[in-house]
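Quick notes on the structure that follows.
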Amino acid sequence: MSVIIKPIVTEKITKDGELFNRFGFVVDKKANKVEIKKAVEAAFGVSVVAVNTMNYRADRSVKYTKSGLISGKTNAYKKAIVQVKEGESIDFYTNI
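In this note's numbering, the protein residues as written are 22 to 117.
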C-alpha cells in the first residue's frame with residue numbers, strides 16, 4: 022500500500038514550506054498519522070515533527086445547460102500537512 026499519493030504544490034503550501042517547514046501531501050484515505058510520518062521519513066530522508074490530516078468530501082454539482090442537466094462530482098481525498106525538523110527541507114522538484 023502506497024501511503025503518499027502525490028505532493029501538493031500550491032502557493033499557500035509553498036509559503037508554509039519556506040516559513041514554517043510544513044509540506045502538504047495527498048495521502049491514502051485509510052492511512053493514519055503514524056503511517057504518514059514513517060512514509061515521509063522513508064521517502065525524503067527528513068525527521069517529521071508533526072502531522073495534521075484533513076478529510077475532504079466529494080462535492081456534487083449540477084449545471085443547467087441548453088442540452089439539459091449535467092451532474093458531476095469531485096473526488097474525495099485525504100490531505101496531510103507534515104512539519105519537518107528545523108533546518109531540514111523537502112524539495113519536490115529534485116526528488117523523484
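Just so you know, even glycine gets a beta-carbon here, dropped at the ideal spot from N, CA and C.
query	result
The segment 93-111 contacting the segment 70-81, beta-carbon criterion three pairs below 8 Å	yes
Stretch pair the segment 106-115 + the segment 56-69: three plus CB contacts closer than 8 Å	yes
Backbone CA spacing between Thr115 and Thr35 [nearest angstrom]	15 Å
Val83 CB to nearest heavy atom of the ligand GTP below 7 Å	With respect to the ligand GTP, the structure shown offers nothing to examine, as it has no ligands at all.
Among Lys59, Val55 and Asn73, the one whose alpha carbon lies nearest that of Gly45	Asn73
Element boundaries [beta strand (DSSP E), containing Ala101]	Tyr98 to Val105
Cβ neighbour criterion (16 or more within 10 Å) applied to Gly38	buried
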